[in-house]
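Its first residue numbered 490, the sequence shown is counted upward by one per residue in my numbering.
Notes for the one structure printed next.
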Amino acid sequence: MLYRLLDPRDGNPREPVFWLVVAAVVCAQLLAFYLVCTHQVRRAEARLAQVEVERMASNDCLQYMAQSTIASCATRTMGAPRADVPPDYAIR
490 MLYRLLDPRD GNPREPVFWL VVAAVVCAQL LAFYLVCTHQ VRRAEARLAQ VEVERMASND
550 CLQYMAQSTI ASCATRTMGA PRADVPPDYA IR
């Protein structure tokens, strides 16, 4: 189908609409790439923030609760794995 848009004698586009279609496709791909990248960065930042909060909670538990152990504080502060975090990122 694209071969119909090009002039067979010299390979130039027959219509300027060809360039508009090409530009639209390129812009759509760049926008999709940008959206995917920003979404992944936001998820990674949220994951790191959650890890930091859990680490601080565990440290506070160890420091301020008498006779606390790492295992008891981990159970108390982290609890069950969260449903919104994929299993490969769940902290145990």
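All C-beta atoms in this analysis are idealised placements derived from N, C-alpha and C, irrespective of residue type, glycine included.
Taking 8 angstroms as the threshold (C-beta atoms), are residue j and residue i in contact?
| i | j | result |
| --- | --- | --- |
| Cys550 | Arg565 | yes |
| Ser547 | Ala563 | yes |
Please work out which residues of its chain come closer than 6 angstroms, Cβ to Cβ, to residue i, disregarding the five sequence neighbours upstream and downstream, and give them in chain order.
| i | result |
| --- | --- |
| Ala555 | none |
For residue i, which residues in the same chain have their Cβ closer than 7 angstroms to its Cβ, ignoring the five residues on either side in sequence?
| i | result |
| --- | --- |
| Ala538 | none |
Less than 8 angstroms between C-beta atoms, sequence neighbours within five positions excluded: which residues of the same chain meet that for residue i?
| i | result |
| --- | --- |
| Tyr523 | none |
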